[in-house]
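Visitor: Numbering (the UniProt record's numbering), first residue to last: 1 to 849.
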Amino acid sequence: MRQNEIINIYNAIFGYPKTVLLLIVSVSVLSWIVFFLYKLKAQKVDLSHSHYKYYISYSIGILFWVLSNAYFSSGLLTLFSERIAINMALIANISAFISCASTFLYSYALRKNYLQEEISAWVYAFIFFLTIFTVGINITPGLTIKGVDIVGPGNFSLQFGEVIAPFFIIFISLVPLAFINLLRLRRMTNINLLHRAKINYVVSGMCIFIVSATIIQVGVTTILGDFSLTWIPPTLSISEMFFMGYGLITSRFYSSRYMLYLLLANLITGFVLYLPLLTVVEIDNHHFNLIVFYVLLTGFLWKTVSTQIKPYISLLFYGSHQTPSEKINGLIDEFKHSPHDALEKLAQLLNVPENRIQLVKKSPDDELFDTYFSKHKDVLILEELLDKINTTKGKETLDRLHKKMNQTDAAFIMPMFNSSDTVSHLLISTHKNNGKLFSAEELTALKRVFREAQFYINADLQLKQAQSLAHSIAHEMRNPLTQLQLHFEKLQIKVEENKQDKDILEEISHGKATIERGKQLINMILREVSHSSLAQESMSVSSVNRLLLQAINQFGFESDAIKSRVNLRTDTDFSVRANDTLFNFVVFNLLRNAIYYFDAYPASTIEISTHLNPQNNTLIFRDTGPGIPDHVQKQIFEDFYSYHKHGGSGLGLSYCKRVMNSFGGTIECHSQYGKFTEFHLIFPSLSLEPLPAGAEQTGPEKDTRPENQLLSYQHNAKDKTILVVDDNKMQRTLVQLFLQQLGYQIMHADNGKAALDLFRNNAVDLVIMDIQMPVMNGFEATTKIKDISPETPVIALSGESGDKELQLIHELMDGRLTKPTSKSELQTMLKQCFINHQQQAEATCEIHA
Numbered sequence: 001m002r003q004n005e006i007i008n009i010y011n012a013i014f015g016y017p018k019t020v021l022l023l024i025v026s027v028s029v030l031s032w033i034v035f036f037l038y039k040l041k042a043q044k045v046d047l048s049h050s051h052y053k054y055y056i057s058y059s060i061g062i063l064f065w066v067l068s069n070a071y072f073s074s075g076l077l078t079l080f081s082e083r084i085a086i087n088m089a090l091i092a093n094i095s096a097f098i099s100c101a102s103t104f105l106y107s108y109a110l111r112k113n114y115l116q117e118e119i120s121a122w123v124y125a126f127i128f129f130l131t132i133f134t135v136g137i138n139i140t141p142g143l144t145i146k147g148v149d150i151v152g153p154g155n156f157s158l159q160f161g162e163v164i165a166p167f168f169i170i171f172i173s174l175v176p177l178a179f180i181n182l183l184r185l186r187r188m189t190n191i192n193l194l195h196r197a198k199i200n201y202v203v204s205g206m207c208i209f210i211v212s213a214t215i216i217q218v219g220v221t222t223i224l225g226d227f228s229l230t231w232i233p234p235t236l237s238i239s240e241m242f243f244m245g246y247g248l249i250t251s252r253f254y255s256s257r258y259m260l261y262l263l264l265a266n267l268i269t270g271f272v273l274y275l276p277l278l279t280v281v282e283i284d285n286h287h288f289n290l291i292v293f294y295v296l297l298t299g300f301l302w303k304t305v306s307t308q309i310k311p312y313i314s315l316l317f318y319g320s321h322q323t324p325s326e327k328i329n330g331l332i333d334e335f336k337h338s339p340h341d342a343l344e345k346l347a348q349l350l351n352v353p354e355n356r357i358q359l360v361k362k363s364p365d366d367e368l369f370d371t372y373f374s375k376h377k378d379v380l381i382l383e384e385l386l387d388k389i390n391t392t393k394g395k396e397t398l399d400r401l402h403k404k405m406n407q408t409d410a411a412f413i414m415p416m417f418n419s420s421d422t423v424s425h426l427l428i429s430t431h432k433n434n435g436k437l438f439s440a441e442e443l444t445a446l447k448r449v450f451r452e453a454q455f456y457i458n459a460d461l462q463l464k465q466a467q468s469l470a471h472s473i474a475h476e477m478r479n480p481l482t483q484l485q486l487h488f489e490k491l492q493i494k495v496e497e498n499k500q501d502k503d504i505l506e507e508i509s510h511g512k513a514t515i516e517r518g519k520q521l522i523n524m525i526l527r528e529v530s531h532s533s534l535a536q537e538s539m540s541v542s543s544v545n546r547l548l549l550q551a552i553n554q555f556g557f558e559s560d561a562i563k564s565r566v567n568l569r570t571d572t573d574f575s576v577r578a579n580d581t582l583f584n585f586v587v588f589n590l591l592r593n594a595i596y597y598f599d600a601y602p603a604s605t606i607e608i609s610t611h612l613n614p615q616n617n618t619l620i621f622r623d624t625g626p627g628i629p630d631h632v633q634k635q636i637f638e639d640f641y642s643y644h645k646h647g648g649s650g651l652g653l654s655y656c657k658r659v660m661n662s663f664g665g666t667i668e669c670h671s672q673y674g675k676f677t678e679f680h681l682i683f684p685s686l687s688l689e690p691l692p693a694g695a696e697q698t699g700p701e702k703d704t705r706p707e708n709q710l711l712s713y714q715h716n717a718k719d720k721t722i723l724v725v726d727d728n729k730m731q732r733t734l735v736q737l738f739l740q741q742l743g744y745q746i747m748h749a750d751n752g753k754a755a756l757d758l759f760r761n762n763a764v765d766l767v768i769m770d771i772q773m774p775v776m777n778g779f780e781a782t783t784k785i786k787d788i789s790p791e792t793p794v795i796a797l798s799g800e801s802g803d804k805e806l807q808l809i810h811e812l813m814d815g816r817l818t819k820p821t822s823k824s825e826l827q828t829m830l831k832q833c834f835i836n837h838q839q840q841a842e843a844t845c846e847i848h849a
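Dropping the structure here:
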């Protein structure tokens with residue numbers, strides 16, 4: 001093709017405004033089809049079994065209809081022969097029929113999708129007959145189009161054949177039939193709100209098409225014989241296609257009031273900004289630069305002017321200077337002060353019943369929602385789920401989600417994520433009072449508000465957790481402190497009455513036991529709130545009976561009478577891989593929970609039994625107390641969930657579950673309300689024979705050194721100097737007292753800097769170091785001491801429970817004692833440190849030798 005011919009074709013296409021407009025429409029249609037298919041693929045829509053395929057065929061028909069009409073508006077009409085024009089007219093006829101037939105089938109496919117009604121065979125037969133008829137009369141020369149009288153681009157007339165009138169009646173009547181079908185479908189009461197909204201958009205688009213096609217194609221073209229306006233229906237058809245497509249691909253619609261509000265606000269803003277330009281400046285080439293400058297200026301002013309105008313438009317539509325979505329956005333300040341009050345105001349703005357919109361902590365039992373939100377970060381809406389179930393492959397999960405939301409009467413569930421991008425809370429709301437859908441502007445405002453309010457919600461939760469923990473500590477410690485006071489009162493009376501030493505020592509013994517119970521409670525609570533990885537704790541294979549007896553003996557029973565109500569049924573034994581301390585705390589928690597109800601249920605007892613199974617072994621705690629209702633059993637392992645236990649932190653059972661998971665097992669609750677409760681500690685079966693009673697397999701953390709080796713240092717204690725560092729005089733005095741009783745030489749300091757000076761100027765064999773101190777803390781002091789003498793043992797004496805502090809203690813120091821320590825614990829730690837020190841010294845000597 002010669003260059004001149006290419007130039008002529010280019011000018012014939014792009015030299016005519018109507019042609020350019022129709023080409024822009026066709027490109028928009030094609031882009032929309034590609035985008036629509038991409039969205040369906042992303043949503044995993046099954047096209048073969050959905051109504052979407054009819055919309056796609058409709059859109060393709062529109063595309064060819066627009067392109068054929070573009071040909072008649074272009075210079076190509078005069079550039080090519082009449083035969084080409086006739087073929088283009090026939091293509092326009094067939095493509096228009098494809099669009100109308102697809103619309104007709106689409107209306108029935110919606111009935112199938114929304115009402116689960118099968119499309120009748122007569123519908124397919126009817127469309128099949130019409131298709132054969134349409135194709136037949138259009139490919140047969142002269143039946144629909146005899147010829148084209150061409151005057152110029154866009155100036156032509158068609159010579160119709162004998163059957164053009166029935167053809168027009170057939171294909172145009174399909175659209176009103178589909179329109180009526182959709183209106184009937186919309187009025188059905190069993191159509192849900194979302195499907196009714198989608199139908200509204202389809203009907204709106206069809207109204208535009210029907211009006212334009214009727215006026216232009218039937219009135220102006222067929223009756224008056226004027227073909228100059230035939231480009232209008234194809235151009236307007238894009239509105240119907242976009243309306244239908246938007247209704248299909250979208251599940252969240254802006255309310256009509258909000259769209260009118262935005263439209264009017266922008267129109268008035270444009271009018272205010274451009275009216276001076278239109279009235280003062282004449283639009284011509286002489287003022288082009290001024291016009292461009294003014295347009296750029298209004299771009300900067302648009303937001304400012306719009307902000308001033310919108311409150312008045314909002315007042316017109318909503319009776320308030322703020323739209324409902326703007327009021328929702330304003331709730332961020334309410335969340336700073338009180339999330340509870342903010343939720344109450346949110347319920348009013350969304351028009352949902354009071355107390356039916358709730359912010360709940362994610363339940364670990366809701367694995368279904370947890371799995372879904374790990375992949376989908378968006379709001380989960382009940383009506384959307386039903387729509388996806390009807391069109392999406394692999395709908396089993398969606399079915400379960402829909403059923404779960406129906407059971408709880410949840411209209412939507414919105415996830416909230418913490419800093420680690422995991423779900424921390426769920427915002428759950430029931431349906432609106434007026435039965436309407438939640439609009440797109442409301443959902444957008446909700447997501448924005450709760451994204452910003454996440455910090456305040458978490459802070460409020462942490463405050464409540466801290467209050468719960470403080471209340472728990474106060475409650476748990478009140479009993480041992482009261483008992484300790486009682487023992488001191490008795491001790492004072494016995495001293496005043498000059499009682500025998502045996503009675504006095506007995507009361508002292510009871511007081512010490514009470515202190516041990518208090519320490520035990522503190523350690524348990526600190527363990528419960530710790531978020532450190534339990535799997536990193538050292539484990540060993542042991543006899544479950546040995547661990548159980550050890551825990552029972554160490555548990556601080558308030559009286560022998562209470563202890564007598566705990567019955568052991570451990571005729572069988574099995575091996576478990578566990579950590580002694582963690583196992584103790586699990587047993588302590590279960591005992592505490594059961595003993596709590598002993599006063600209210602005087603006949604209640606605890607029975608602990610072991611059971612062997614092929615796949616796993618079980619330790620069962622059974623108490624005959626109040627029992628637990630079924631609906632509570634699913635929640636008792638959640639953090640901060642407490643049921644009818646005054647003063648409880650709600651952390652114990654969730655901690656037990658984490659511990660059992662670290663052992664490779666699990667814990668289950670089985671209860672019958674009013675009769676009994678059983679907790680099953682399930683351990684994996686180890687590839688070992690059951691151990692005989694009292695036996696155990698020693699793990700790596702057990703101390704296998706002979707007892708006489710540990711005792712050998714007791715006689716040399718007077719030769720050892722120990723530096724005690726603690727800013728608390730009471731704690732320092734207690735440790736010094738124990739050390740004096742054990743025969744050690746003592747030095748002391750009240751901060752790290754003073755300790756460092758003493759260490760530099762004196763021979764010190766071991767340092768007992770507090771962590772939190774003024775002037776210089778224990779970590780800094782230990783680092784400097786180790787720089788001077790790396791082989792000198794440093795033992796931490798602290799109440800630290802944070803992951804970071806415990807890790808530093810492990811890295812810097814040679815051991816750890818918790819406050820307040822006991823003489824036996826201190827003695828064992830010192831002996832172990834000195835033995836380790838001697839072994840390291842001997843190994844160093846061997847290397848040098």
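Even for Gly, the Cβ is constructed at its ideal location relative to N, Cα and C.
Since the structure is predicted, the reported quantities are computational estimates derived from the model, not experimental observations.
Roughly how many angstroms separate the alpha carbons of Leu-194 and Glu-383, rounded to a whole number?
Guide: About 6 Å.
Visitor: Is it buried or exposed for Leu-734, if we count other Cβ within 10 angstroms and need 16 for buried?
Guide: buried
Visitor: Restricting to runs no shorter than 4 residues, where is the alpha helix (DSSP H) found entirely within the stretch 47-114?
Guide: 52-73 and 76-79
Visitor: Between His-748 and Pro-793, is the Cβ-Cβ spacing less than 8 Å?
Guide: no
Visitor: Take Ile-139 and list the residues in its own chain whose beta-carbon comes closer than 8 Å to its own, dropping the five residues that flank it on each side.
Guide: Leu-90
Visitor: Run the CB neighbour count on Ala-755, radius 10 Å, all protein chains shown included, and call it buried at 16 or more, exposed below.
Guide: When all chains shown are included, Ala-755 counts as buried.
Visitor: Determine the burial state of Ser-120: buried for a count of at least 16 other Cβ atoms within 10 Å of its Cβ, exposed for fewer.
Guide: exposed
Visitor: Starting from the C-beta of Phe-676, find all residues in its chain whose C-beta is less than 8 Å away, skip the five residues before and the five after it, and write them out in chain order.
Guide: Once the five neighbours on either side are set aside, the close Cβ partners of Phe-676 are Arg-622, Asp-623, Thr-624, Gly-625 and Gly-627.
Visitor: Look up Lys-831 in the DSSP assignment and say whether it is helix, strand or coil.
Guide: Of the three classes helix, strand and coil, the one that applies to Lys-831 here is helix, per DSSP.
Visitor: Work out the CA separation of Asn-579 and Arg-592 for me, nearest whole Å.
Guide: 20 Å
Visitor: Helix, strand or coil for Asn-434, going by three-state DSSP, please let me know.
Guide: coil
Visitor: From which residue to which residue does the beta strand (DSSP E) around Ala-600 run?
Guide: Annotation: Ala-600 is outside any beta strand (DSSP E) and is labelled neither H nor E by DSSP.
Visitor: Which residue or residues does DSSP assign as beta-bridge partners of Pro-415?
Guide: Leu-426
Visitor: What whole-angstrom Cβ distance do Thr-430 and Ala-411 have, given they're in contact under 8 Å?
Guide: 6 Å
Visitor: Look at Ile-249 and Lys-404 and say whether their C-beta atoms are less than 8 Å apart.
Guide: no
Visitor: Which of helix, strand or coil does DSSP assign to Asp-750?
Guide: coil
Visitor: Roughly how many angstroms separate the alpha carbons of Leu-710 and Asn-777, rounded to a whole number?
Guide: Because Leu-710 carries a pLDDT of 41, less than 50, the predicted location of this residue cannot be relied on, and no value is offered for it.
Visitor: Let me know the secondary structure DSSP gives Glu-668 once reduced to three states.
Guide: Reduced to three states, the DSSP call for Glu-668 is strand.
Visitor: Out of curiosity, what's the CA-to-CA distance linking Val-20 and Asn-155?
Guide: 16 Å
Visitor: Would the beta-carbon of Leu-766 fall within 8 Å of that of Ile-722?
Guide: yes
Visitor: Please classify Ala-96: is it buried, with 16 or more other beta-carbons within 10 angstroms of its beta-carbon, or exposed?
Guide: buried
Visitor: Look up Gln-550 in the DSSP assignment and say whether it is helix, strand or coil.
Guide: helix
Visitor: What's the gap between the Cα of residue 852 and the Cα of Cys-656?
Guide: Since the first and last residues shown for the chain are 1 and 849, residue 852 lies out of range.
Visitor: Since Ile-667 and Phe-679 should fall inside the 8 Å C-beta cutoff, what is the C-beta to C-beta distance between them, to a whole number of angstroms?
Guide: 6 Å
Visitor: Within the chosen definition, does the stretch 544-554 reach the stretch 580-591 through at least 3 CB pairs nearer than 8 Å?
Guide: yes
Visitor: Going by the CB atoms, is the gap between Ser-575 and Thr-604 shorter than 8 Å?
Guide: Contrary to the premise, residue 604 reads as Ser rather than Thr in this sequence. No, these two residues do not count as a Cβ contact at 8 Å.
Visitor: By Cβ distance, which residues of its chain are closer than 7 Å to Leu-368, with the 5 residues on each side in sequence left out?
Guide: Arg-400, Leu-401 and Lys-404
Visitor: With distance defined between alpha-carbon atoms, name the residue in Ala-347, Ser-28 and Thr-269 nearest to Gly-299.
Guide: The residue with the shortest Cα to Cα distance from Gly-299 is Thr-269.
Visitor: Less than 8 Å separating the beta-carbons of Arg-111 and Leu-185?
Guide: yes
Visitor: Which residue from Leu-808, Ser-559, Leu-76 and Val-202 puts its Cα closest to that of Ile-7?
Guide: Ile-7 has its Cα closest to that of Leu-76, out of Leu-808, Ser-559, Leu-76 and Val-202.
Visitor: Quick one: is Gln-714 buried, meaning 16 or more other Cβ sit within 10 Å of its Cβ, or exposed?
Guide: Only weak support exists for where Gln-714 lies, its pLDDT of 48 falling under 50; the value from the coordinates is given anyway. Exposed: under 16 other Cβ atoms inside 10 Å.
Visitor: Does the Cβ of Trp-122 have 16 or more other Cβ atoms within 10 Å, making it buried, or fewer, making it exposed?
Guide: Of the residues assessed, Trp-122 falls on the exposed side of the cut-off, its CB having fewer than 16 other CB atoms within 10 angstroms.
Visitor: Looking at Ser-57 and Ser-102, is the spacing between their C-beta atoms short of 8 Å?
Guide: Yes; because the gap between Cβ atoms is below 8 Å, this pair is in contact.
Visitor: Spatial neighbours of Val-775 within its chain, please: CB distance less than 8 Å, with the 5 preceding and 5 following residues excluded, ordered by chain position.
Guide: Asn-751, Gly-752, Lys-753 and Ala-754
Visitor: Since I believe Lys-327 is in contact with Met-350 (beta carbons under 8 Å), could you give me their beta-carbon distance rounded to a whole number of angstroms?
Guide: At residue 350 the sequence reads Leu, which differs from the Met that was named. Not really, about 10 Å apart at Cβ, beyond 8 Å.
Visitor: According to DSSP, is Ile-785 part of a helix, a strand, or is it coil?
Guide: DSSP places Ile-785 in helix when its eight states are reduced to three.
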